[in-house]
Each structure stands twice: as structure tokens, then as C-alpha cells.
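Undergrad:
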Amino acid sequence: MEKRPKIPPERFWEDEKWAHRNYQKLVKGYANMWVAVFDKKVVCANENLGLVEEIITRKFGKKDVPLIHVEDGAHVY
Numbered sequence: 022m023e024k025r026p027k028i029p030p031e032r033f034w035e036d037e038k039w040a041h042r043n044y045q046k047l048v049k050g051y052a053n054m055w056v057a058v059f060d061k062k063v064v065c066a067n068e069n070l071g072l073v074e075e076i077i078t079r080k081f082g083k084k085d086v087p088l089i090h091v092e093d094g095a096h097v098y
């Protein structure tokens, strides 16, 4: 039987929407960082994604927490 990926809970999607709606505010405080959002609050931010994932796992266990990379707009791709 094929194993299907777990669908994140509604709270995850609400936190992700909150982050995108408040992106300009996040840029002011967390430019060029990975930001973790839980219950519509920033619970961790750092330039190192691995560190953010480690801290979130310690803090929240296996709960789904959206991670958003907040860019200041100065990057050229």
C-alpha cells in the first residue's frame, strides 16, 4: 500500500497565511532570515535553516510549523 504524505492541520495553514499577510512587518525585524510561525507569532528566527529546524523540533516536537524565508529584496537571482 502506498503511503501518503501527512496533510498539515488547519493551524499550519492559518500561521502560513498570517506570515504572508504580515510579510512587510517581518522584513523589518527578520530580513534575510528563516522565520518559524506558531499561533500567529514568530517563535524562532535565524539565518541558518538547520538551526531553526532543530530549535523548533526541540520546542514543539513533531508539530507542523511553517518556515518562511524573509528576504529584504536586495538579492538578485
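For the sequence shown, the positions run 22 to 98 when my numbering is used. Beta carbons: idealized from backbone N, C-alpha and C, even for Gly. Keep in mind that this is a model prediction, so the values were computed, not measured.
Let me know the alpha helix (DSSP H) ranges lying completely inside the stretch 37-91, each 4 residues or longer, listed in chain order.
TA: Runs of the alpha helix (DSSP H) inside the stretch 37-91: 44-51, 70-81.
Undergrad: Whole angstroms is fine: what's the gap from PHE186's alpha carbon to ASP36's?
TA: The structure shown does not extend to residue 186, since the chain is modelled only from 22 through 98, so no value can be given for it.
Undergrad: Find out if the Cβ-Cβ distance for the pair ALA57, ILE28 is shorter than 8 Å.
TA: no
Undergrad: Smallest Cα separation from GLY71: which of TRP39, HIS90, VAL48, PHE33?
TA: HIS90
Undergrad: Using the Cα positions of ARG79 and ARG32, report the straight-line distance between them to the nearest angstrom.
TA: The alpha-carbon atoms of ARG79 and ARG32 are separated by roughly 19 Å.
Undergrad: Taking 8 Å as the cut-off, decide whether the C-beta atoms of TRP55 and ALA40 are in contact.
TA: In terms of Cβ geometry, TRP55 and ALA40 do not form a close pair [threshold 8 Å].
Undergrad: By alpha-carbon positions, which one of LYS46, ASP85, ASN53 ends up nearest to PRO26?
TA: ASP85
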